[in-house]
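Here the structure comes first, spelled out in C-alpha cells, and everything after it is commentary.
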Amino acid sequence: MMFIQILFTLSFLFSTTNALDFCVGDLNAPQGHAGYSCKEAEAVTVNDFVFSGLRAAGNTSNLLKSAATPAFSTQFPGVNGLGISLVRADLAVGETTFLDSGQIKKLKGLLGGTG
17 MMFIQILFTL
27 SFLFSTTNAL
37 DFCVGDLNAP
47 QGHAGYSCKE
57 AEAVTVNDFV
67 FSGLRAAGNT
77 SNLLKSAATP
87 AFSTQFPGVN
97 GLGISLVRAD
107 LAVGETTFLD
117 SGQIKKLKGL
127 LGGTG
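Reading the sequence shown from the start, the letters are residues 17 to 131 in this note's numbering.
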C-alpha cells in the first residue's frame, strides 16, 4: 500500500503542468479543447470536488462482460483542466481485457476478485 502512495505522489511531482489555481468546470458553459470554462469562485461548492460514482460496481451482464464508470470533468468538475481522469473498470468472473489506452499516465490496482 505504501508503494502505491509513493507512486501516486511522484506522478504529481513530475507533471508537465503546474496548477497554481483551481478551475472548476462550469458544466452549463460550452466545452472547449482544454475543458470547460471556469466557474466563478463564488459559485464553487464542495460538491464540485467530491465524486462518489466509483463506489458501485458496474453492470457486467452485457455482451462484453465488462463495465466502465467514468469520472471525467463532466461527472467530476473539480478535475477540469488538470489532465486527470478516472475510470472504474469492472470485469465479470473469468473475463480479461486490455486496460491500456496509449501514452498516458496510469495507475492500476486490483481491488477484489475471486478465484
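Ideal Cβ positions, reconstructed from N, Cα and C, are used throughout, including at glycine.
Under the DSSP assignment, Arg-71 falls outside any beta strand (DSSP E); it carries neither an H nor an E label.
Taking C-beta atoms under 8 Å as the contact rule, Gly-41 and Gly-48 fail to qualify, at a distance of about 10 Å.
Separation of Phe-88 and Val-60 (C-alpha to C-alpha, rounded to the nearest whole angstrom) is 17 Å.
Counting along the chain, the unbroken beta strand (DSSP E) around Val-103 starts and ends at 102-107. DSSP, reduced to helix, strand and coil, places Gly-48 within a strand of the structure shown. The alpha-carbon separation between Ala-73 and Ala-108 amounts to approximately 11 Å.
Here DSSP, grouped into helix, strand and coil, assigns Thr-61 to coil. With respect to the C-alpha of Phe-24, the residue from Lys-55, Thr-112, Arg-104, Ile-100 having the closest C-alpha is Ile-100.
Secondary structure of Gly-41 (DSSP, three-state): strand.
In the DSSP assignment, Ser-82 falls within the unbroken beta strand (DSSP E) covering 82-87. By the neighbour-count criterion, in which a residue is buried when 16 or more other Cβ atoms sit within 10 angstroms of its Cβ, Val-62 is exposed.
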